[in-house]
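Q:
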Amino acid sequence: MSLIERFTRDTASRYVWAALALAAAIGLAYSLSSGGRAIEEERAIAEDRAVGYVEEVLAPRLGSRELAAPISGQQKDSLEAVVRRSIIADERVSRVRIWSTEGTLLFSTDRSDRAGSNEGLNDPLLREASREGAITRWDYSDGGGAEDPERSLVRTYAPLGTTAVVEIDQTDESTVALVRSEWAGYQLIAGGLLAWFVIMIALSLRDPIERMNVGVPFAASSVPQGFALIDDDRLAAVHEVYRLASERVGRLQAKLDESEEARRRLEGDIQRVLSKAASTAPHPVAAAASAAPADVASEPEVVQVPESDVVVTSPLGDEWAAAPAGPLARASRAQKPTPTTAPKEKSAAEKPKAEKPKRSSRRIKAKAEKQTAAPPQVANPRPAPEPESRVIAVAAPPVAAPVAPAP
């Protein structure tokens with residue numbers, strides 16, 4: 001968006017430019033009126049200056065007798081010397097003339113003028129000044145030409161007695177031109193602003209692109225990409241929220257650091273306690289290791305059965321004797337009937353029964369004491385199940401059977 005569109009394509013621009021155009025129009029009107037009054041005041045000052053010269057310099061020296069005919073000779077020279085010393089010495093005065101009321105030139109400081117001529121015969125200003133008093137004219141020429149240099153003179157006609165009129169010409173540059181130029185500059189500025197504001201009003205009558213933001217000097221479309229327009233209060237609120245969030249994050253970080261430090265101290269205390277316990281405990285690991293094999297079933301003790309004097313011979317012979325010993329074997333063998341011979345029954349009856357082996361209570365007690373001797377720092381192992389008591393029958397070595405005597 002260009003700069004002109006920026007200030008003409010919103011809803012508020014037309015009213016702004018209209019107000020500025022109204023102010024420029026008022027300024028232009030004021031400069032015109034005030035400039036005109038200033039120029040009139042300067043011309044009045046020039047007229048008063050000319051009248052003062054007539055009353056102070058010429059009137060005391062010229063009477064009705066001197067003004068009855070054109071001034072010449074020594075009287076002209078003395079009058080010219082006084083006029084040049086008192087009136088022409090003012091840079092604003094360029095020429096002094098004395099006219100009779102009938103239009104005859106009586107005296108002039110201009111070398112080109114000829115005394116006694118009737119150049120002012122048809123000049124109505126001479127008769128008007130003699131009747132009404134001093135008058136001032138500008139942009140006036142005797143010859144009537146548009147390019148006549150005399151048009152730039154400010155002419156003041158002041159009556160001298162009742163038979164003559166004095167014409168004092170002052171330059172425009174030294175009188176009203178300065179004031180006119182000053183106010184002309186003001187008028188030009190006001191007129192230019194008025195024209196510019198009118199053009200901007202015409203451009204603002206187009207359809208607006210967007211609405212003017214309240215309290216923001218630029219519209220959103222004029223903001224560069226990546227930026228945003230926000231109010232000062234909103235910006236202060238954002239900064240306050242950011243500050244509070246930063247403080248909260250700082251407090252949470254401090255608490256986190258304190259928690260981490262406490263955790264490290266606790267870990268150190270735990271490590272020191274464990275190290276101290278491990279150094280003071282009487283081999284807790286060995287005790288636990290010795291308690292671990294309790295799950296393994298202990299081997300039963302082998303009880304040697306004393307040899308008997310009479311051994312019943314198995315009817316199965318050597319196969320029965322070589323069979324493996326054990327409860328199942330004995331049960332299978334016990335189911336078979338034995339011979340009913342008398343000697344065999346006697347020998348079977350006389351055969352002593354083998355006692356069941358029993359586990360020594362001393363050994364069990366020693367194991368129990370060893371398990372209970374573990375230190376309190378180590379967890380007690382799970383007690384192993386009691387091993388089943390097994391009775392193993394050991395077969396005696398084969399003995400030759402005695403031969404019974406023949407009856």
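What the sequence shown shows, in my numbering, is residues 1 to 407, in sequence order.
Beta carbons are placed, not taken as given, at the ideal position from N, Cα and C, and that holds for glycine.
1) So, for residue 201: in the same chain, excluding its five sequence neighbours on each side, which residues have a beta-carbon less than 8 angstroms away from its beta-carbon?
2) Could you tell me the alpha carbon to alpha carbon distance between residue 129 and residue 155, rounded to whole angstroms?
3) When the Cα atoms are used, what is the spatial distance from residue 161 to residue 132?
4) Pull up the distance between the alpha-carbon of residue 373 and that of residue 264, whole angstroms please.
5) For residue 100, which of 108, 234, 46 has the nearest alpha-carbon?
6) Taking the alpha-carbon positions, what's the residue 4 to residue 137 distance?
7) Taking contact to mean at least 3 C-beta pairs separated by less than 8 angstroms, is the region 179 to 190 in contact with the region 59 to 72?
8) Locate the alpha helix (DSSP H) running through residue 280, then write down its first and last residues.
9) On a CA-only basis, which of 42, 94, 191, 87 is nearest residue 31? Give me that one, please.
10) Using C-beta distances below 7 angstroms, list every residue in its chain close to residue 139, excluding the 5 sequence neighbours before and after it, in chain order.
11) If we count the other Cβ atoms within 10 Å of its Cβ and call it buried at 16 or more, is residue 45 buried or exposed?
12) Which word fits residue 197, buried or exposed, when buried means at least 16 other C-beta atoms lie within 10 angstroms of its C-beta?
13) State the DSSP-derived secondary structure class of residue 167, mapped to helix, strand or coil.
14) What residue range does the beta strand (DSSP E) around residue 174 cover?
15) Answer yes if the region 159 to 174 comes into contact with the region 88 to 104, meaning at least three C-beta pairs across the two stretches below 8 angstroms, and no otherwise.
16) So, helix, strand or coil for residue 89, using DSSP?
17) Alpha helix (DSSP H) containing residue 46: first to last residue?
18) How big is the Cα-Cα spacing for residue 83 and residue 185?
19) Counting C-beta neighbours from all protein chains within 10 Å, is the total for residue 296 16 or more, i.e. buried, or is it exposed?
20) Does the separation of the CB atoms of residue 66 and residue 75 fall below 8 angstroms?
21) Apart from the five residues just before and just after residue 204, which ones in its own chain have a Cβ nearer than 7 angstroms to its Cβ?
22) Between the alpha carbons of residue 85 and residue 34, how many angstroms are there, rounded?
23) Thinking C-beta only, is residue 165 closer than 8 angstroms to residue 126?
24) Please report the distance separating the alpha-carbon of residue 25 from that of residue 199.
25) Expressed to the nearest angstrom, what Euclidean distance is found between the alpha-carbon atoms of residue 116 and residue 79?
26) Quick one: grab the DSSP three-state call for residue 159.
27) Rounded to the nearest angstrom, what separates residue 379 and residue 240 at their Cα positions?
28) Which stretch, first to last residue, makes up the beta strand (DSSP E) that contains residue 108?
29) Comparing the C-beta of residue 55 with each C-beta of chain D, is any distance below 8 angstroms?
30) If we ignore side chains and look at the alpha-carbon of each, how far apart do residue 6 and residue 236 end up?
31) According to DSSP, simplified to helix, strand and coil, what is residue 152?
32) Compute the Euclidean distance between the alpha carbons of residue 274 and residue 242, then round it to the nearest angstrom.
33) May I have the straight-line CA-CA distance separating residue 49 from residue 43, to the nearest angstrom?
34) Whose C-alpha, out of 268, 106, 63, 158, is nearest the C-alpha of residue 52?
35) Report buried or exposed for residue 39, applying the criterion of at least 16 other Cβ atoms within 10 angstroms of its Cβ.
36) Once the 5 residues before and after residue 118 are set aside, which same chain residues still bring their CB inside 7 angstroms of it?
A: Here's the rundown:
1) Sequence index remark: in the sequence shown, residue 201 carries index 201 (1-based). Taken in chain order, the residues that qualify are 14, 17, 18, 21.
2) Taking the sequence shown and counting its residues from 1, one reaches residue 129 at position 129. Taking the sequence shown and counting its residues from 1, one reaches residue 155 at position 155. The alpha-carbon atoms of residue 129 and residue 155 are separated by roughly 12 angstroms.
3) Indexing the sequence shown from 1 puts residue 161 at position 161. Indexing the sequence shown from 1 puts residue 132 at position 132. Whole-angstrom Cα-Cα distance: 13 angstroms.
4) Here residue 373 is taken as the residue at index 373 of the sequence shown, counted from 1. Here residue 264 is taken as the residue at index 264 of the sequence shown, counted from 1. Note on residue 373: pLDDT 49, under 50, position unreliable in the model; the coordinate value appears next. The straight-line gap from Cα to Cα measures roughly 35 angstroms.
5) For the purposes of this step, residue 100 is taken as the residue at position 100 of the sequence shown. Cα-wise, what sits closest to residue 100 is 108.
6) Translated into the one-based positions of the sequence shown, residue 4 becomes position 4. Translated into the one-based positions of the sequence shown, residue 137 becomes position 137. Roughly 49 angstroms separates the two Cα atoms.
7) no
8) Residue 280 sits at position 280 when you count from the first residue of the sequence shown. Its alpha helix (DSSP H) spans residues 232 to 280.
9) By one-based count along the sequence shown, residue 31 stands at place 31. Of the candidates 42, 94, 191, 87, the one whose C-alpha sits nearest the C-alpha of residue 31 is 191.
10) Along the sequence shown, read from residue 1 onward, the residue named residue 139 stands at position 139. Answer for residue 139: 151, listed in chain order.
11) Along the sequence shown, read from residue 1 onward, the residue named residue 45 stands at position 45. Under this definition residue 45 is an exposed residue.
12) Your numbering for residue 197 matches position 197 in the sequence shown. Flag for residue 197 reads buried.
13) By one-based count along the sequence shown, residue 167 stands at place 167. Note: residue 167 maps to strand in three-state DSSP.
14) Mapped onto the sequence shown, residue 174 falls at position 174. No beta strand (DSSP E) contains residue 174, which DSSP labels as neither H nor E.
15) yes
16) Reading the sequence shown from its first residue, position 89 is the one you call residue 89. In this structure, residue 89 counts as coil in the three-state DSSP scheme.
17) Looking up residue 46 in the sequence shown gives position 46. First-last of the alpha helix (DSSP H) with residue 46: 13 to 53.
18) Translated into positions along the sequence shown, residue 83 becomes position 83. Translated into positions along the sequence shown, residue 185 becomes position 185. Taking the straight line from one Cα to the other gives about 37 angstroms.
19) Along the sequence shown, read from residue 1 onward, the residue named residue 296 stands at position 296. With a pLDDT of only 48 at residue 296, under the threshold of 50, the placement of this residue in the model should not be trusted; the figure read from the coordinates follows. Classification for residue 296: exposed.
20) Within the sequence shown, numbered from 1, the residue matching residue 66 stands at position 66. Within the sequence shown, numbered from 1, the residue matching residue 75 stands at position 75. Yes, Cβ-Cβ distance for residue 66 and residue 75 is below 8 angstroms.
21) Start at 1 with the first residue of the sequence shown, and residue 204 comes out as number 204. Here the set comprises 8, 13, 14, 17.
22) Reading the sequence shown from its first residue, position 85 is the one you call residue 85. Reading the sequence shown from its first residue, position 34 is the one you call residue 34. Each residue's alpha carbon lies about 36 angstroms from the other.
23) Translated into the one-based positions of the sequence shown, residue 126 becomes position 126. Translated into the one-based positions of the sequence shown, residue 165 becomes position 165. In contact: residue 126 and residue 165 (Cβ atoms closer than 8 angstroms).
24) Translated into the one-based positions of the sequence shown, residue 25 becomes position 25. Translated into the one-based positions of the sequence shown, residue 199 becomes position 199. Approximately 14 angstroms between the Cα atoms of the pair.
25) Sequence index remark: in the sequence shown, residue 116 carries index 116 (1-based). Sequence index remark: in the sequence shown, residue 79 carries index 79 (1-based). Approximately 16 angstroms, taken between the alpha carbons.
26) As a working mapping, residue 159 is identified with position 159 in the sequence shown. Strand.
27) Position 379 of the sequence shown, counting from 1, holds the residue named residue 379. Position 240 of the sequence shown, counting from 1, holds the residue named residue 240. Caution applies to residue 379, whose pLDDT of 45 falls short of 50 and renders its modelled position unreliable; the model cannot decide the point.
28) On the sequence shown, position 108 is the one that residue 108 refers to. Residues 105 to 108.
29) Considering every chain present, this structure includes no chain D. It has just one protein chain.
30) The residue you call residue 6 lines up with position 6 of the sequence shown. The residue you call residue 236 lines up with position 236 of the sequence shown. Between residue 6 and residue 236, the C-alpha separation is close to 28 angstroms.
31) Indexing the sequence shown from 1 puts residue 152 at position 152. If DSSP states are grouped into helix, strand and coil, residue 152 belongs with the helices.
32) In the sequence shown, counting from the first residue as 1, residue 274 sits at position 274. In the sequence shown, counting from the first residue as 1, residue 242 sits at position 242. Cα to Cα, residue 274 sits roughly 48 angstroms from residue 242.
33) As a first step, residue 49 is located in the sequence shown; it is residue number 49 there, counting from the start. As a first step, residue 43 is located in the sequence shown; it is residue number 43 there, counting from the start. Taking the straight line from one Cα to the other gives about 10 angstroms.
34) As a first step, residue 52 must be located in the sequence shown, where it is residue number 52. That would be 158, whose Cα lies nearest to the Cα of residue 52.
35) As a first step, residue 39 is located in the sequence shown; it is residue number 39 there, counting from the start. Classification of residue 39: buried, given that the 10 Å Cβ count is 16 or more.
36) For this step, residue 118 is matched to residue 118 along the sequence shown. So the qualifying residues of the chain are 103, 104.
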